[in-house]
Amino acid sequence: TGTITACGVSTIEYVNYTLDGTSYNLSSANPSDSIFGYTRLLNTGVAYETDLGGFSSSSINDIHIEFPSASMVPGTYQARYVRAHQIGGGNPVNPFNVIVTNFPAAAGGFYEGSFSGQFRDSVGAGNLHSLNGTFRIRK
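Here this note's numbering = 1-based position in the sequence shown + 12.
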């Protein structure tokens with residue numbers, strides 16, 4: 013498996029992240045990894061909700077970040093939901109920033125950016141976890 017490029021642009025998707033001091037990687041170049049990214053229109057006071065993440069079928073490596081936005085443009089957003097390594101659906105501690113440097117308008121484009129913050133387990137003792145990373149995910 014190699015890197016595929018089209019018109020000089022890589023088609024590789026990835027989520028690179030550090031959870032509590034340990035680094036992990038999900039990549040479309042790895043056949044056991046699946047990566048997802050989508051934005052949906054909401055019927056509430058916030059216009060959109062974006063979900064980004066991925067998982068590995070060969071390990072407990074998984075991540076899911078969700079954030080609301082009034083529009084689909086690059087910017088800094090606050091995570092509403094965070095999950096990593098099967099730690100119960102986490103409650104982000106504000107600020108948990110998701111910085112989107114490229115917000116694709118159409119399918120086939122890439123979400124690109126970074127995230128950083130802390131979240132608490134929603135199960136057990138509500139332990140605090142640190143999480144940061146970068147992403148490039150096809151819409």
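Idealized CB from N, CA, C, for every residue including glycine.
Q.
Could you give the first and the last residue of the continuous beta strand (DSSP E) run that contains glutamine 98?
A. Glutamine 98 -> no beta strand (DSSP E), and no H or E assigned at all.
Beta-carbon separation (whole angstroms), alanine 96 vs phenylalanine 79, contact threshold 8 Å
Not a contact, Cβ separation roughly 15 Å.
Where do the N-terminal and C-terminal ends of the beta strand (DSSP E) with asparagine 28 fall, by residue? 26 to 31
- From which residue to which residue does the beta strand (DSSP E) around proline 80 run? 74 to 81
Can you give the Cα-Cα distance for asparagine 37 and alanine 59, rounded to whole angstroms?
31 Å
Subject >> First and last residue of the uninterrupted beta strand (DSSP E) at asparagine 144 >> reply: 140 to 150
Cα-Cα, which of Leu31, Val135 and Phe108 is closest to serine 128? Phe108
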